[in-house]
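J.: Provided herewith is a single structure, encoded as C-alpha cells, for subsequent inquiry.
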Amino acid sequence: MEEIIQARNLTKRYNDVVAVDEISFTVRAGEVFGFLGPNGAGKTTTMKMISCLSPRTTGSLAVFGMDPEEHPTVIKAKMGIVPQETNLDPDFTCAGNLTTYARYFDIPAAEAQARSDSLLAFVQLEEKRDVLIDKLSGGMKRRLILARALINNPALLILDEPTIGLDPQARHLIWERLRLLQAQGNTIVLTTHYLDEAARLCDRLVIMDSGKILVEGAPADLVKQYVGSEIVEVEKSDEVMACLSRLGIASENVGDMVQIATESARDVAKALLDLCQPKRVITRQATLEDVFLKLTGRTLKE
Amino acid sequence: MRALWTLPPVTRRATKVWQRNLDVFVKTWKVNFFPPFVEAFLYLFAIGLGIGTYVGMIDDVPYVNFIAPAILAISIMNSAFFECTYGSYVRMYYQKSFDAIIATPLSIEDVIAGELLWGATRSVISVAAMLPVFAFFGVISLPFSLFVIPLAFLGGLMFAGIAMCFTAITPGIDTLNYPAFLFITPMVLFSGTFFPLEILPVAFQYVAVAILPLTHLVAVTRMFTFPALSPMLALHLAWIAGVTILSSVLALNLMRRRLIT
Numbered sequence: 005m006e007e008i009i010q011a012r013n014l015t016k017r018y019n020d021v022v023a024v025d026e027i028s029f030t031v032r033a034g035e036v037f038g039f040l041g042p043n044g045a046g047k048t049t050t051m052k053m054i055s056c057l058s059p060r061t062t063g064s065l066a067v068f069g070m071d072p073e074e075h076p077t078v079i080k081a082k083m084g085i086v087p088q089e090t091n092l093d094p095d096f097t098c099a100g101n102l103t104t105y106a107r108y109f110d111i112p113a114a115e116a117q118a119r120s121d122s123l124l125a126f127v128q129l130e131e132k133r134d135v136l137i138d139k140l141s142g143g144m145k146r147r148l149i150l151a152r153a154l155i156n157n158p159a160l161l162i163l164d165e166p167t168i169g170l171d172p173q174a175r176h177l178i179w180e181r182l183r184l185l186q187a188q189g190n191t192i193v194l195t196t197h198y199l200d201e202a203a204r205l206c207d208r209l210v211i212m213d214s215g216k217i218l219v220e221g222a223p224a225d226l227v228k229q230y231v232g233s234e235i236v237e238v239e240k241s242d243e244v245m246a247c248l249s250r251l252g253i254a255s256e257n258v259g260d261m262v263q264i265a266t267e268s269a270r271d272v273a274k275a276l277l278d279l280c281q282p283k284r285v286i287t288r289q290a291t292l293e294d295v296f297l298k299l300t301g302r303t304l305k306e
Numbered sequence: 023m024r025a026l027w028t029l030p031p032v033t034r035r036a037t038k039v040w041q042r043n044l045d046v047f048v049k050t051w052k053v054n055f056f057p058p059f060v061e062a063f064l065y066l067f068a069i070g071l072g073i074g075t076y077v078g079m080i081d082d083v084p085y086v087n088f089i090a091p092a093i094l095a096i097s098i099m100n101s102a103f104f105e106c107t108y109g110s111y112v113r114m115y116y117q118k119s120f121d122a123i124i125a126t127p128l129s130i131e132d133v134i135a136g137e138l139l140w141g142a143t144r145s146v147i148s149v150a151a152m153l154p155v156f157a158f159f160g161v162i163s164l165p166f167s168l169f170v171i172p173l174a175f176l177g178g179l180m181f182a183g184i185a186m187c188f189t190a191i192t193p194g195i196d197t198l199n200y201p202a203f204l205f206i207t208p209m210v211l212f213s214g215t216f217f218p219l220e221i222l223p224v225a226f227q228y229v230a231v232a233i234l235p236l237t238h239l240v241a242v243t244r245m246f247t248f249p250a251l252s253p254m255l256a257l258h259l260a261w262i263a264g265v266t267i268l269s270s271v272l273a274l275n276l277m278r279r280r281l282i283t
C-alpha cells in the first residue's frame, strides 16, 4: 500500500524541552491513523510538523513523499487541516468562511460557491449559511471547520482533537462523516484523548507519552495484547483482597476498586461471588482505555 | 533560524490576504469610509476658521493650505500604522486568522505581505476620501495633488512595515500603546506638520529628518499640494523607499520568528 506519511526518528525540541522524541511511524493510503496520549504527549506538535506548520529539529519526515520543509505549498494544497483551536474567521458568515478559504487554494469563485453549498449540506449547516460565526454553537463551529478542511478535496485529512468539547450528537455526526470520507478513499490522521473515539474510528493507532510512541497497532489487537479481553471490577475491601490472594488472582488497584484482567470475566466473577462474598462485582469488555491507563499511568498529567 | 535581514520569499498569493481584508472592509464600508471624510471637514473648520485666522500666512501661503498636506500625511500614517498594529494584532492573536491561513498553500510571508499591502491600501482610501473635501474648499491645488494618491500607497507601505515590526515583537495588545504614544504622537507634532521645521533648534531638525519618517512624507505631500516641486523630492522619496524596504523585510522575518516555532 502507498505510504502517505513516513516519519523516522522525528524529533522536535523547543529550547530545552523535547516535545517529540525520535518517533517513527508510517501512515498508509486510505487508513484512519490515530495519535492517542495524555496532554503534553507531543500529539499536536507531531500534527504541526506533518502540516508543514512547524519545522522539525532532527529526523526525517515525508508527506506524499515530499519533505514538508522543502515543499510546503504543494503538500498543503493536498491536505485538509482541522486544528485543535477554533480559528474560523469571525468577520464572515459560514458560507463566507468557506469561499474565502477556497480562494487561498486557488479555487475559482463559481466552483468555490458550489463546493461551499455541498459542504454545508455535508456537515448539516445549510440553514446557517448566512449566519456569522459568533452565532454558532461549539458543535456547529467544529462541523464548519471540518467543512472548511474539505474545501480543497484533500487526499489527506489531519484532525487535531476533532470532537473536543462536543455533545454526543455532534460527535456522532462527525464520526459518521469521517467514516464516509474514509470510504471515499481519504487518508485520515487524527489525535484524540477520547478513547472510544479512537477505538471506533482508527484502523491503526499509536499511544504517545512524553514525546515517545509507546505502542502501535490496531485498537482490538492492542487491547488483547496489553490487557486481555475482559475486565472484572470488584470493591477493594480487606476480605476481598485476602480472598483474591488466596485464590492466586492477580489484580490492579484503581481507586476504591480492584481490576482483574482475564480471558473469561464470567468464570472469575463466579469464583469471586462464590468464594469472596463481595458487595459489588462488575464485568465488562476490556477497552482501549484500559490499555491507555496501563501504559501512561493513572496520575494526572497536568 | 533565518537572519532578520535576508530577503523573505513572498509570492503573489499575498494578494489573497489583501482581498480578504478588502472584502471585510467593503462589507462595513460606511463605518470605514466616513471617519477620514469627516476628519477632513473637522480640521478645515478648526484650522481654517479657528487657528488660521490668528496665524494668517506661513511661507506666503494661507495657514490652512500649509496644514492641509500635513493632515493628509498624518492620515496616511495613521491609517496604515493602526491597521497593521491593532488590526493585524487582533487578526493574528484573537481571531487566529493567520494560523488558519498558513494551513493553506499560503506561507506566513504571504500573509504578512498581504497585511502590509492592505495597510497601504487603507492609506490610499483615506486620502481618496479627504482629497475631494480639500479640493472643494480650494486648500490644495489640482491636478498636482492627485499625486498624493500613489504617494499614499508608498507612505502607507512604509508605516505598515514599521507598524508590523512592533506587532511582531509586542507581548500583548496593550503594549502597542507605547509606539502609538512615543512614536506616532511626537511625529504628528514635530515633523513639520503644524509649523515649519525650520523654527525648531537646528539639532532637532537633524533628528526629525534623520529618524522621523513623517517628516519626509509631509515634505513630499506639501510639494504636491502647493505645488512646489524641488530636487529634494527625489531625496525624500528615496528615504521613504529605503525605510519601506528595510521595515518590510524586517517585519516579515520577525513575524516568521514569532509565529513559526
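Top to bottom, those sequences are chains C and B.
Be aware that the first sequence starts at 5, since it is given in the numbering used here, and climbs by one per residue.
Be aware that the second sequence starts at 23, since it is given in the numbering used here, and climbs by one per residue.
Don't be surprised by glycine CBs; every beta carbon is placed ideally from N, CA and C.
Which residue's Cα is closest to the Cα of Q173 (chain C): C:L123, C:Q128, C:S58, C:Q229?
T.: On the first sequence, residue 173 (chain C) is found 169 positions in, with the first residue counted as 1. Of C:L123, C:Q128, C:S58, C:Q229, the residue nearest in Cα terms is C:Q128.
J.: Output needed in chain order: residues of the stretch 46-57 of chain B with a Cβ under 8 Å from some Cβ in chain C.
T.: Listed in sequence order: V46, K49.
J.: What distance in whole Å lies between the Cβ atoms of G38 (chain C) and L205 (chain C), which are believed to be in contact at a cut-off of 8 Å?
T.: What you label residue 205 (chain C) is simply residue 201 of the first sequence in a count that begins at 1. What you label residue 38 (chain C) is simply residue 34 of the first sequence in a count that begins at 1. L205 (chain C) to G38 (chain C), Cβ: 7 Å. Contact.
J.: For I282 (chain B), which residues in chain C fall below 9 Å Cβ to Cβ?
T.: The residue labelled residue 282 (chain B) in the question sits at position 260 within the second sequence. Result: L57, S58, P59.
J.: Would you mind stating whether F103 (chain B) and A25 (chain B) have Cβ atoms separated by less than 9 Å?
T.: Residue numbering aside, residue 103 (chain B) sits at position 81 when the second sequence is read from its first letter. Residue numbering aside, residue 25 (chain B) sits at position 3 when the second sequence is read from its first letter. The answer is no: Cβ separation not under 9 Å.
J.: Under 7 Å Cβ-Cβ, which residues of chain B neighbour E89 (chain C)?
T.: As a first step, residue 89 (chain C) is located in the first sequence; it is residue number 85 there, counting from the start. Those within 7 Å of E89 (chain C) in chain B are K118.
J.: Just how far apart, CA to CA, sit E237 (chain C) and K52 (chain C)?
T.: As a first step, residue 237 (chain C) is located in the first sequence; it is residue number 233 there, counting from the start. As a first step, residue 52 (chain C) is located in the first sequence; it is residue number 48 there, counting from the start. Whole-angstrom Cα-Cα distance: 40 Å.
J.: How big is the Cα-Cα spacing for K49 (chain B) and Y108 (chain B)?
T.: The residue you call residue 49 (chain B) lines up with position 27 of the second sequence. The residue you call residue 108 (chain B) lines up with position 86 of the second sequence. Distance between the alpha carbons of K49 (chain B) and Y108 (chain B) is about 20 Å.
J.: Measuring only the C-alpha atoms, how far is A254 (chain C) from L248 (chain C)?
T.: For the purposes of this step, residue 254 (chain C) is taken as residue 250 along the first sequence, with counting starting at 1. For the purposes of this step, residue 248 (chain C) is taken as residue 244 along the first sequence, with counting starting at 1. So the two alpha carbons sit approximately 8 Å from each other.
J.: At what residue ranges does the stretch 170-251 of chain B contain a whole run of the alpha helix (DSSP H), taking only runs of 4 or more?
T.: As far as the stretch 170-251 of chain B is concerned, its whole alpha helix (DSSP H) runs of at least 4 residues are 170-191, 207-212, 224-233, 235-247.
J.: Run down chain C in chain order and give the residues with a C-beta less than 8 Å from the C-beta of Q41 (chain B).
T.: Taking the second sequence and counting its residues from 1, one reaches residue 41 (chain B) at position 19. Going along chain C in sequence order, the residues near Q41 (chain B) (Cβ under 8 Å) are R107.
J.: Of the choices C:T97, C:P282, C:N91, whose alpha-carbon is the least far from that of I149 (chain C)?
T.: Along the first sequence, read from residue 1 onward, the residue named residue 149 (chain C) stands at position 145. Ranking the options by Cα distance to I149 (chain C), first place goes to C:N91.
J.: Determine the direct distance from the alpha carbon of L255 (chain B) to that of A95 (chain B), and round the result to whole angstroms.
T.: Taking the second sequence and counting its residues from 1, the one referred to as residue 95 (chain B) is at position 73. Taking the second sequence and counting its residues from 1, the one referred to as residue 255 (chain B) is at position 233. Using only the alpha carbons, I get a separation of about 15 Å.
J.: If you drop the 5 nearest sequence neighbours on each side, which residues of the same chain put their C-beta closer than 8 Å to that of A241 (chain B)?
T.: On the second sequence, position 219 is the one that residue 241 (chain B) refers to. So the list reads G214, M254, H258, once near-sequence residues are dropped.
J.: Tell me, please, whether the CB atom of R35 (chain B) is closer than 9 Å to any CB atom in chain C?
T.: The residue you call residue 35 (chain B) lines up with position 13 of the second sequence. For R35 (chain B), the answer is yes, since a Cβ of chain C falls inside 9 Å of its Cβ.
J.: With 16 other CB atoms within 10 Å as the buried threshold, where does L279 (chain C) fall?
T.: If you number the first sequence from 1, residue 279 (chain C) lands on position 275. Burial call: exposed.
J.: Classify Y65 (chain B): buried if its beta carbon has 16 or more other beta carbons within 10 angstroms, exposed otherwise.
T.: Within the second sequence, numbered from 1, the residue matching residue 65 (chain B) stands at position 43. By the 10 Å Cβ count, Y65 (chain B) comes out buried.
J.: Whose C-alpha, out of C:T61, C:L124, C:Q281, is nearest the C-alpha of D20 (chain C)?
T.: Position 16 of the first sequence holds residue 20 (chain C). Taking only the C-alpha atoms, the option nearest D20 (chain C) is C:T61.
J.: Classify E131 (chain B): buried if its beta carbon has 16 or more other beta carbons within 10 angstroms, exposed otherwise.
T.: Counting from 1 along the second sequence, the entry for residue 131 (chain B) is found at position 109. It is buried - the Cβ of E131 (chain B) has at least 16 other Cβ atoms within 10 Å.
J.: Assign T103 (chain C) to one of three DSSP states: helix, strand, or coil.
T.: Numbered from its first residue, the first sequence carries residue 103 (chain C) at position 99. Reduced to three states, the DSSP call for T103 (chain C) is helix.
J.: Measure the alpha-carbon distance for L34 (chain C) versus R208 (chain C) and round it to whole angstroms.
T.: Start at 1 with the first residue of the first sequence, and residue 34 (chain C) comes out as number 30. Start at 1 with the first residue of the first sequence, and residue 208 (chain C) comes out as number 204. Here the sequence assigns Gly to residue 34 (chain C), which means Leu is not the residue at that position. G34 (chain C) and R208 (chain C): Cα-Cα distance of roughly 11 Å.
J.: List, in chain order, every chain B residue whose beta-carbon is nearer than 8 Å to that of I85 (chain C).
T.: Sequence index remark: in the first sequence, residue 85 (chain C) carries index 81 (1-based). Simply A125.
J.: Within 9 Å of any Cβ in chain C, is that where the Cβ of V129 (chain B) sits?
T.: For the purposes of this step, residue 129 (chain B) is identified with residue 107 of the second sequence, where counting begins at 1. The amino acid at residue 129 (chain B) is misidentified as Val; the sequence shows Ser. Interface residue, yes.
J.: Tell me, please, whether the CB atom of G46 (chain C) is closer than 9 Å to any CB atom in chain B?
T.: In the first sequence, residue 46 (chain C) corresponds to position 42, counting from 1. It does not: the Cβ of G46 (chain C) has no partner Cβ on chain B nearer than 9 Å.
J.: Would you call the CB atoms of K80 (chain C) and P127 (chain B) closer than 9 Å?
T.: Here residue 80 (chain C) corresponds to residue number 76 of the first sequence, with the count starting at 1. Here residue 127 (chain B) corresponds to residue number 105 of the second sequence, with the count starting at 1. Yes, these two residues count as a Cβ contact at 9 Å.
J.: For A66 (chain C), return the contacting residues in chain B, with the cut-off set at a CB-CB distance below 7 Å.
T.: In the first sequence, residue 66 (chain C) corresponds to position 62, counting from 1. What A66 (chain C) touches in chain B: nothing, since even the nearest Cβ is about 19 Å away.
J.: Let's see if you can read the secondary structure: which residues bound the beta strand (DSSP E) around V39 (chain B)?
T.: Residue mapping note: residue 39 (chain B) aligns to position 17 of the second sequence, counting from 1. Note, V39 (chain B): premise wrong, no beta strand (DSSP E); alpha helix (DSSP H) at 36-49.
J.: Nearest-angstrom Cα distance between L40 (chain C) and E220 (chain C)?
T.: Translated into positions along the first sequence, residue 40 (chain C) becomes position 36. Translated into positions along the first sequence, residue 220 (chain C) becomes position 216. When rounded, the distance between both Cα atoms is 10 Å.
J.: Any Cβ of chain B within less than 9 Å of the Cβ of P166 (chain C)?
T.: Within the first sequence, the letter at position 162 stands for residue 166 (chain C). No, no contact with chain B.
J.: Report the neighbours of A25 (chain B) on chain C: residues whose CB is nearer than 8 Å to its CB, in chain order.
T.: Here residue 25 (chain B) refers to the residue found at position 3 when the second sequence is read from its first residue. The premise fails here: A25 (chain B) is roughly 16 Å from chain C at the closest Cβ pair, so nothing lies under 8 Å.
J.: Do you know offhand how far K283 (chain C)'s Cα is from G44 (chain C)'s?
T.: Working through the first sequence from its first residue, we reach residue 283 (chain C) at position 279. Working through the first sequence from its first residue, we reach residue 44 (chain C) at position 40. Looking at the two C-alpha atoms, the distance is approximately 39 Å.
J.: Between which two residues does the beta strand (DSSP E) carrying Q289 (chain C) extend?
T.: Working through the first sequence from its first residue, we reach residue 289 (chain C) at position 285. It spans 285-289 - the beta strand (DSSP E) in which Q289 (chain C) sits, taken as one unbroken run.
J.: For P42 (chain C), name the three-state secondary structure that DSSP assigns.
T.: Taking the first residue of the first sequence as 1, we reach residue 42 (chain C) at position 38. Three-state DSSP puts P42 (chain C) in coil, outside helix and strand.
J.: Using 8 Å as the threshold, is the stretch 167-183 of chain B in touch with the stretch 69-84 of chain B, meaning 3 or more CB pairs across them?
T.: With a cut-off of 8 Å, the stretch 69-84 of chain B and the stretch 167-183 of chain B do not count as touching, because too few Cβ pairs lie within range.
J.: Kindly indicate if chain C contains any beta-carbon less than 9 Å away from that of D196 (chain B).
T.: Taking the first residue of the second sequence as position 1, residue 196 (chain B) is located at position 174. No, D196 (chain B) does not count as interfacial toward chain C.
J.: K216 (chain C) and G63 (chain C) - do their beta-carbons sit closer together than 9 Å?
T.: Counting from one through the first sequence, the residue named residue 63 (chain C) turns up at place 59. Counting from one through the first sequence, the residue named residue 216 (chain C) turns up at place 212. No, the Cβ-Cβ distance between G63 (chain C) and K216 (chain C) is not below 9 Å.
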